[in-house]
Structure formats: C-alpha cells, structure tokens
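Novice: Numbering (the working numbering), first residue to last: 6 to 539.
1. Would you be able to state if there are at least three C-beta pairs under 8 Å between the stretch 8-22 and the stretch 302-314?
2. What are the boundary residues of the beta strand (DSSP E) that residue 314 is part of?
3. Express the C-alpha separation of residue 227 and residue 74 in angstroms, rounding to a whole number.
4. Rounded to the nearest angstrom, what separates residue 422 and residue 395 at their Cα positions?
5. Can you give me the Cβ contacts of residue 530 inside the same chain, cut-off strictly under 8 Å, excluding the 5 residues immediately before and after it?
6. Residue 409 by DSSP, collapsed to three states: which one?
7. So for residue 90, helix, strand or coil by DSSP?
8. Would you call the stretch 100-112 and the stretch 488-507 in contact, with 3 or more CB pairs under 8 Å?
9. Does the distance from the CB of residue 368 to the CB of residue 536 come in under 7 Å?
10. Report yes or no: do three or more beta-carbon pairs, one from the stretch 385-394 and one from the stretch 52-61, lie closer than 8 Å?
11. Per DSSP, what kind of secondary structure is residue 378 in: helix, strand or coil?
12. Measure the C-alpha to C-alpha separation of residue 142 and residue 240 and round it to an integer number of angstroms.
13. What are the partner residues of residue 299, as DSSP defines its beta bridges?
14. Mapping the DSSP letters down to three states, classify residue 245 as helix, strand or coil.
15. Smallest Cα separation from residue 130: which of 152, 146, 49?
16. Relative to the C-alpha of residue 255, which candidate in 232, 281, 270 has its C-alpha closest?
17. So, are the CB atoms of residue 25 and residue 40 less than 7 Å apart?
18. How far does the beta strand (DSSP E) with residue 288 in it reach, from first residue to last?
19. Which of the three DSSP states, helix, strand or coil, is assigned to residue 514?
20. Leaving out five residues before and five after residue 420 in sequence, what residues of the same chain have Cβ atoms less than 8 Å from its Cβ?
21. By DSSP, does residue 527 sit in helix, in strand, or in coil?
22. Ignore the nearest five residues each way along the sequence and tell me which others in residue 42's own chain have a CB closer than 8 Å to its CB.
23. Whose C-beta lies closer than 6 Å to the C-beta of residue 207 among residues of the same chain, with five residues either side of it excluded?
24. Which residues does DSSP pair with residue 139 in a beta bridge?
25. Any idea which residues DSSP pairs residue 331 with across the strands?
26. In the DSSP assignment, the alpha helix (DSSP H) including residue 495 goes from what residue to what residue?
27. For residue 106, would you say it is in contact with chain B, using Cβ-to-Cβ distances shorter than 7 Å as the test?
28. Per DSSP, residue 212 forms a beta bridge with which residues?
29. Can you give me the C-alpha to C-alpha distance between residue 197 and residue 513, rounded to a whole angstrom?
30. For a test of the three-state rule: what should DSSP assign to residue 9, helix, strand or coil?
31. In angstroms with no decimal places, state the Cα-to-Cα distance between residue 336 and residue 158.
32. Do residue 172 and residue 113 count as a contact pair if the criterion is CB distance below 7 Å?
33. Less than 8 Å between the CB atoms is what I'm expecting for residue 329 and residue 248, so what's the real figure, rounded?
34. Going by DSSP, what residue range makes up the alpha helix (DSSP H) through residue 204?
35. Note down the Cα distance separating residue 118 from residue 51, rounded to an integer number of angstroms.
36. When the Cα atoms are used, what is the spatial distance from residue 32 to residue 115?
In structure tokens:
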C-alpha cells in the first residue's frame, strides 16, 4: 500500500472557506474555538470539564443503556459505554444521515477519522478516556436525500411514501431492494458478505434507525464505536431550557444572523450554508415533522391545524420534550449539550455551517467544540495504478477538469509541438518595433498597430486550437483510455468518495478494506489522501 497526499486547495474540489480554515487564516479565528491540532485539546479538555454538567453524563449513560438493549456489541464498545459514566471520559463525534446502506463512501471516512482521533488523543493525554461517537441523524425528514446508494453507475433506490422522522420509518419494502442489490453483486466471498450485511441490517430490523445502528456496529463495533440516537425523551429533557431560549427569545436567530454578514465580509467566495429561522425547531407527532412558527401571539405547526398559546407550548415542551426536534441550526447545540464532546468531525459543507454558530453557542453558555475536517481520500487499485503508469499519468493529473486534463496530456504526448508560445513571443517582439515607428508618427496609427497585433495573436490561438483538435483525433484511443480511467476514479467528474458506495471497494478488497483505511487515514494530517492499494 502506497500513501501520498495532496493539499486540499490543489484538488480543486474544496471550497475556499474550508481551505482557508485548514490554513488557519486569521480572519476566520473569531468563528471557531480552537484550531484542530493535538496540543489545543488540552485547553478544550479543561473548558469542557468545567462546563459539562455531571447530571447530563448520568442521563446520557442511562439513555445509551436503553438504546443498546438487545444489541450485540463488542467488549470495546461495552467498555466505552461504561467509561462514559466517568468524569475523565470525553467524546469525539461525527454525524451522518441514515443513508441506505451508508450512502456515499465518505460515511466510512467520517467514522474512521473519529476513531483514529480518539486513539491519537489517548496517546497524548493518557489519563483521559476518549470515546468515538456516531450521531445518527434519525430526526431528519428529507427522505429523498437518503433513500438510495450508487453501485456500478446504477442508482439503487427505495421508493415509498414518506413523512416524519426517517429513523422511525419501518423497513417494509426493502426486500425488493435486497433482491436487486444481490443480483448486481453476483457471486464470490466478498459479495456474499455484503449480501448478508444488507440482509441482516435492513430485513432483520423493523426501523431505519435500528438497521443503521446494526450496520455501523457491524462495520466499526470492534473499534469501540458508540452510536447515539438523539430521538430520545430523556435526552431531549436536557434540551428544554435551550428550546425555550430559541423559541421565545430567538437567541439562535439573532446570533447567527449577526454572524453571517461578518463571514461574508471576509471573502466574496464564502458561500453561506444555512440561514437561521426565528424558531429553529420542528414539532413531531403522529408521523409528521413540521416547523413551529410564531403568528401573532400563537405558535402554529406548519401544514397542520395544531396551534398553541405561549403557555400551552411551554406545557407541551415540559410534558413531551421528545416532540421538539432541532433543525440544522439547533442540532449541533443539542449534541454538545448531551455529550462530553471535544471535537466534531464533518465534511466541508457541515463545517461551513458550524462556523456560523459560535456566537449562538456563547450566548447559550455551551462550549463550542473543535472543528476537524474529516479525512478525504481516493482509493486506487493496483490494476488502476498499472494503467496510470502505462499512460504516464500522475494521480494529480486526474484531479484536473476534463478539458484541461486532456489538453495537458495531448500536448505532452504529441510528436508535434502544439504550444505556440514561442511564435506568440516572436510576434510580440516584432510588434514592439512597429510601436516604436508608430509613436513617431500620427497617434491614430498606434490604434491600427494594436488592432493588427490582436488580430494576429488571435489567429495563432485559432491555429493552436485547431492543431490540438487534430491531435486529439489522431490520438483518439489514448484519449478514450485516459478519460475512462478518470471516470472510474472520479465518477460523474466528482470525487470518488461522494459517489461510490463502500460496497464497490469491498468487492475488491473484502475484509482488508477497513483495516487498510484505518492505516491510511490520519485525522490530524489535513491533506487529501491518495491511497494506492496492492
């Protein structure tokens, strides 16, 4: 296994905001708590120790004991669950939607980054315990975002009527998805293991939350992963005072609204990920998850006839906290209230909206976690490496956009010099003497010389492009092989990790896959990983 790295900004696939965060640009520092290096965790540990109530730890421990009833778990996960009772135990957390069969490949990278960081922190701070946590996004209701995964350029999709929190969905109808997937997999040991994993997860559990817990536990339970479902009444009780501040005082709305223009002022290229609402909570009941909105002196549940007075909503919140579901602005706060958490690991889009939230956390009196971009990687098989070598391509070449990629390589391999730069330089030198002559005559002649220079340079550009096209036709077979390889590694001309499901790599590597990724991915090395497997 060969491991190489590439700066995130050199890939062309990451936003300026995230690249600037990785480079610790000074302008961004007011928007986060501490930069993600191992030394900064010392102060983060001390701050979280001061601000995390021990009664929250007790509630968390008891809730997880209930959530894990009947679940077969490893000794390491059992130990981590018990250690969560101890004041010297802290968590490192990542979150992900309940995508069918994990969705994109980066699901694995998120969790591996999280587990590997706990290992690194234990070495640096041995008197503390560090527990890796996967937060299941069970309360999301965007079913269309999670009801499919890609396999061999096909979309395997679960179609059904959907409303309410996805974690509560029953798994009826997934038998047909299993049959489709099994047929696509074919035979062999690795294929049979994938079939069993899908079948046991989705046909062996009655809810999507249960199926996802099983899947994540099977893949990462041996490393001690703890899986948290926030759709839990006892955990929601801890959130009640903060829900009140959001609904009745609009604290999050005001603080995030103040933050957004400050972020935008730093760079025109910074894209705001989410905008706050005056109320950042949904109401869950009888299969619905709808927004709470204030209308005059009442609180209405969108798209329903349900409404409350202020007193009535307060009573509902106290009696049924499980009916109040945070949106994307409030969910990070909920997570940090209930967990003794030090760091959140997420993708670029996630961290972009976390950077909007620090002032809101400060106003709520909750410690803001260290933000760490998850590992990103491309996995190249030995066979694909051989193709690269045969065509004299570097992996960095593959990150180029299609036209640039082809043009660069055609210029390199062509037996004709397609670069007309020398001719252009010669032409410009000739026109310098023309400008000298023109400057000694009528000024209007200067314009005529300039126009002629532009015309002739443009003509050289046209000839250069025509020659390039001619060489592309001549080297058509080579171009097709190049683009085919780029399509394999960058499906849809996007990153492999954003399209492939892990099952495609599992077919290739089987049970070697996850240990191989654990070895390759260093969460504190903030670079894109190029993994060439044997």
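Beta carbons are placed, not taken as given, at the ideal position from N, Cα and C, and that holds for glycine. Owing to the predicted nature of the structure, the values given are computational and were not obtained by experimental measurement.
Specialist: Considering the structure as presented:
1. no
2. Here residue 314 refers to the residue found at position 309 when the chain shown is read from its first residue. Looking at the DSSP string, the run of the beta strand (DSSP E) that includes residue 314 is 312-314.
3. In the chain shown, residue 74 corresponds to position 69, counting from 1. In the chain shown, residue 227 corresponds to position 222, counting from 1. Each residue's Cα considered, the two are about 18 Å apart.
4. Here residue 422 refers to the residue found at position 417 when the chain shown is read from its first residue. Here residue 395 refers to the residue found at position 390 when the chain shown is read from its first residue. Confidence at residue 422 is low in this model, with a pLDDT of 47, below 50, so its placement is unreliable and the value that follows should be read with caution. C-alpha separation (whole angstroms): 22 Å.
5. On the chain shown, position 525 is the one that residue 530 refers to. 10, listed in sequence order.
6. As a position in the chain shown, residue 409 is number 404, starting the count at 1. Helix at residue 409.
7. Counting from one through the chain shown, the residue named residue 90 turns up at place 85. Note: residue 90 maps to coil in three-state DSSP.
8. yes
9. By 1-based counting over the chain shown, the position of residue 368 is 363. By 1-based counting over the chain shown, the position of residue 536 is 531. Contact flag unset, no.
10. no
11. Within the chain shown, the letter at position 373 stands for residue 378. Here residue 378 sits in strand by DSSP.
12. For the purposes of this step, residue 142 is taken as the residue at position 137 of the chain shown. For the purposes of this step, residue 240 is taken as the residue at position 235 of the chain shown. Going by the C-alpha atoms only, they are around 14 Å apart.
13. Position 294 of the chain shown, counted from the start, is the residue given in the question as residue 299. Paired residue(s): 304.
14. Locating residue 245 in the chain shown gives position 240, where the first residue counts as 1. Helix at residue 245.
15. Position 125 of the chain shown, counted from the start, is the residue given in the question as residue 130. Here the closest residue by C-alpha is 49.
16. Taking the chain shown and counting its residues from 1, one reaches residue 255 at position 250. Nearest C-alpha to residue 255: 281.
17. Along the chain shown, read from residue 1 onward, the residue named residue 25 stands at position 20. Along the chain shown, read from residue 1 onward, the residue named residue 40 stands at position 35. Not a contact, by the Cβ cut-off of 7 Å.
18. The residue given as residue 288 occupies position 283 in the chain shown. 286-290 is the extent of the beta strand (DSSP E) around residue 288.
19. Looking up residue 514 in the chain shown gives position 509. Of the three classes helix, strand and coil, the one that applies to residue 514 here is helix, per DSSP.
20. Position 415 of the chain shown, counted from the first residue, corresponds to residue 420. Because the pLDDT of residue 420 is 48, which lies under 50, any placement of that residue in the model is unreliable, and the number read from its coordinates should be weighed accordingly. Cβ neighbours of residue 420 beyond the five flanking positions: none.
21. Position 522 of the chain shown holds residue 527. Residue 527: coil per DSSP, three-state reduction.
22. Position 37 of the chain shown, counted from the start, is the residue given in the question as residue 42. Around residue 42: 529.
23. For the purposes of this step, residue 207 is taken as the residue at position 202 of the chain shown. Excluding sequence neighbours, residue 207 sits near 176, 179, 216.
24. One-based indexing of the chain shown puts residue 139 at position 134. DSSP output for residue 139 lists 99, 232 as bridge partner(s).
25. Looking up residue 331 in the chain shown gives position 326. Residue 331 pairs with 286.
26. Taking the first residue of the chain shown as 1, we reach residue 495 at position 490. First-last for residue 495: undefined, no H or E at that position.
27. No chain B is present in this structure, which holds just one protein chain.
28. One-based indexing of the chain shown puts residue 212 at position 207. For residue 212, which the question treats as bridged, DSSP gives the partners 175.
29. The residue given as residue 197 occupies position 192 in the chain shown. The residue given as residue 513 occupies position 508 in the chain shown. About 13 Å.
30. On the chain shown, position 4 is the one that residue 9 refers to. The answer is strand: DSSP assigns residue 9 an E or B state.
31. Within the chain shown, residue 336 is the residue found at index 331, counting from 1. Within the chain shown, residue 158 is the residue found at index 153, counting from 1. Computed Cα separation, rounded: 33 Å.
32. As a working mapping, residue 113 is identified with position 108 in the chain shown. As a working mapping, residue 172 is identified with position 167 in the chain shown. It is not a contact, given that the beta carbons lie outside the stated cut-off.
33. As a position in the chain shown, residue 329 is number 324, starting the count at 1. As a position in the chain shown, residue 248 is number 243, starting the count at 1. That pair is a contact at about 5 Å.
34. Working through the chain shown from its first residue, we reach residue 204 at position 199. No alpha helix (DSSP H) contains residue 204, which DSSP labels as neither H nor E.
35. The residue labelled residue 118 in the question sits at position 113 within the chain shown. The residue labelled residue 51 in the question sits at position 46 within the chain shown. Residue 118 and residue 51: Cα-Cα distance of roughly 23 Å.
36. Residue mapping note: residue 32 aligns to position 27 of the chain shown, counting from 1. Residue mapping note: residue 115 aligns to position 110 of the chain shown, counting from 1. The straight-line gap from Cα to Cα measures roughly 27 Å.
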